[in-house]
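2 protein chains.
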Amino acid sequence: MNSDFTLAVHSLTYLALQPDRMSTSDCISESAGVHPVRIRKVLSLLKKHGFIKSKEGTGGGFIFTLELSEVNLWDIYMLTSEGALQPRCPDSNEQCIVGANMKRVLFTIFLGAEEHLGEYLKNYTIKEVVDLVNQEQNSGCD
Amino acid sequence: MNSDFTLAVHSLTYLALQPDRMSTSDCISESAGVHPVRIRKVLSLLKKHGFIKSKEGTGGGFIFTLELSEVNLWDIYMLTSEGALQPRCPDSNEQCIVGANMKRVLFTIFLGAEEHLGEYLKNYTIKEVVDLVNQEQNSGCD
DNA sequence: AAAAACTGTAATGTTTATTATTACACTATG
DNA sequence: CATAGTGTAATAATAAACATTACAGTTTTT
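Chains as they are written, first to last, in full-length UniProt numbering: chain A, 1 to 142; chain B, 1 to 142.
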């Protein structure tokens with residue numbers, strides 16, 4: 001799966017830990033290890049769907065607008081990666097019964113697979129992700 | 001997901017419909033719409049795991065060795081695409097609590113997701129795929 | 001025994017997708 | 001009005017997927 005998903009989760013988790021002030025795309029991009037423009041692109045999508053708000057100008061940035069438990073990984077998957085599970089199907093030979101129908105058969109099967117994935121991912125909200133990040137941090141060897 | 005999965009399923013379905021004679025990589029590649037070398041590469045993997053056998057030389061090719069219901073889509077996913085569900089994680093900043101732990105947290109979550117996908121994909125054997133292909137063919141408008 | 005029809009696989013080239021970078025318009029703050 | 005931000009389009013660079021070429025090895029046919 002494409003890394004927009006990871007960047008969205010990463011950004012939201014970052015914002016979750018800064019609930020009282022705005023975070024800039026520069027800060028987030030430094031944490032995520034990618035270019036600030038990509039962060040702004042991903043966050044612009046999250047903003048459009050009401051998960052966060054942004055403010056331009058000095059002192060501006062991004063901040064969470066919802067409760068952490070109101071956003072789950074399925075929401076984010078749908079925004080950033082819907083259809084990513086579908087295997088690629090080269091254009092095949094329509095004269096052959098297999099070639100003519102395989103694409104649709106696999107499409108249908110993986111539509112079901114994506115629904116199942118949804119049920120699983122709905123169990124993880126940003127709150128859970130924050131908790132898991134903290135757990136990892138504490139269990140880390142040093 | 002990468003198209004090796006599709007090509008493997010496509011090839012096996014093709015072989016399922018030719019149970020009595022060997023099929024060449026040329027025939028299969030024409031049905032699947034890709035280069036014969038790719039088919040041979042994918043089939044070489046399926047052979048290594050005992051799903052099919054091959055024979056070189058004139059009159060050679062590939063043929064199923066198992067019952068159609070003994071091979072399911074999870075088997076094929078594992079061979080061709082294990083880990084494909086994992087979202088890409090750019091190397092992030094280890095100094096930041098989010099950057100330092102996000103990768104592992106997501107990895108763990110998607111390991112679980114892949115297990116769930118497995119339970120779903122095990123429900124589809126090549127036999128079911130053949131049936132679905134036939135259904136599609138018959139329900140086609142013309 | 002030589003030609004023809006195959007598989008097996010490595011090496012290389014091409015195309016496509018992903019990601020980074022640049023550029024700049026726009027907005028808010030001090 | 002300078003500074004620090006977002007928003008977004010256009011372009012460049014990199015990486016992944018895929019096609020192609022090349023050729024060694026194996027059977028069958030003649």
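C-beta atoms are modelled at their ideal positions from N, C-alpha and C, and glycine is treated no differently.
Enclosing alpha helix (DSSP H) for residue i [first to last residue]
i, result
"Phe-107 of chain B", "97-121"
"Ala-16 of chain B", "3-16"
"Leu-79 of chain A", "73-81"
"Asn-138 of chain B", "126-139"
"Val-34 of chain A", "Neither: Val-34 of chain A is in no alpha helix (DSSP H) and is coded neither H nor E."
Neighbour flag for residue i against chain A, beta carbons, 8 Å
i, result
"Asn-2 of chain B", "yes"
"Met-102 of chain B", "yes"
"Gly-112 of chain B", "yes"
"Glu-30 of chain B", "yes"
"Glu-70 of chain B", "no"
"Glu-136 of chain B", "yes"
"Gly-99 of chain B", "yes"
"Leu-79 of chain B", "no"
"Arg-88 of chain B", "yes"
"Ile-109 of chain B", "yes"
"Thr-58 of chain B", "no"
"Cys-24 of chain B", "With the sequence shown as reference, residue 24 of chain B is identified as Thr, and Cys is not the correct amino acid for it. Thr-24 of chain B does not count as touching chain A."
"Leu-121 of chain B", "yes"
"Thr-65 of chain B", "no"
"Leu-117 of chain B", "yes"
Continuous beta strand (DSSP E) stretch holding residue i: start and end
i, result
"Ser-54 of chain B", "52-55"
Test: residue i CB closer than 8 Å to a CB of chain B
i, result
"Gln-18 of chain A", "no"
"Arg-40 of chain A", "no"
"Val-37 of chain A", "no"
"Asp-75 of chain A", "no"
"residue 187 of chain A", "Chain A is shown from 1 up to 142; residue 187 of chain A falls before or after that span and cannot be answered."
"Thr-6 of chain A", "yes"
"Asp-91 of chain A", "yes"
"Gly-33 of chain A", "yes"
"Leu-46 of chain A", "no"
"Thr-125 of chain A", "no"
"Leu-85 of chain A", "yes"
C-beta contact flag for residue i and residue j at 8 Å
i, j, result
"Ile-97 of chain B", "Val-133 of chain A", "yes"
"Glu-114 of chain B", "Leu-68 of chain B", "no"
"Glu-136 of chain A", "Asn-138 of chain B", "no"
"Phe-5 of chain B", "Thr-58 of chain B", "no"
"Val-9 of chain B", "Ile-76 of chain B", "yes"
"Pro-19 of chain A", "Ser-3 of chain B", "no"
"Ala-32 of chain B", "Val-130 of chain B", "no"
"Val-37 of chain A", "Leu-7 of chain A", "no"
"Ile-39 of chain A", "Ser-54 of chain A", "no"
"Gly-61 of chain B", "Ser-23 of chain B", "yes"
"Met-1 of chain A", "Pro-87 of chain B", "yes"
"Leu-117 of chain A", "Leu-73 of chain B", "no"
"His-35 of chain B", "Ser-44 of chain B", "no"
Nearest residue (CA-CA) to residue i, options the options
i, options, result
"Leu-121 of chain B", "A:Asp-91, A:Phe-107, A:Phe-51 and A:Arg-21", "A:Phe-107"
"Lys-127 of chain A", "A:Ala-8, A:Val-105, A:Asp-4 and A:Leu-12", "A:Leu-12"
"Gly-112 of chain B", "B:Pro-90, B:Glu-56, B:Glu-82 and B:Val-130", "B:Glu-82"
"Leu-46 of chain B", "B:Gly-99, B:Tyr-124 and B:Phe-64", "B:Phe-64"
"residue 148 of chain A", "B:Ile-109, B:Arg-104 and B:Glu-119", "Missing from the structure shown is residue 148 of chain A; chain A here goes from 1 to 142 and no further."
"Cys-27 of chain B", "A:Glu-56, A:Gly-50, A:Ser-92 and A:His-35", "A:Ser-92"
DSSP beta-bridge partners of residue i
i, result
"Ile-63 of chain B", "B:Lys-53"
"Ser-23 of chain A", "A:Phe-62"
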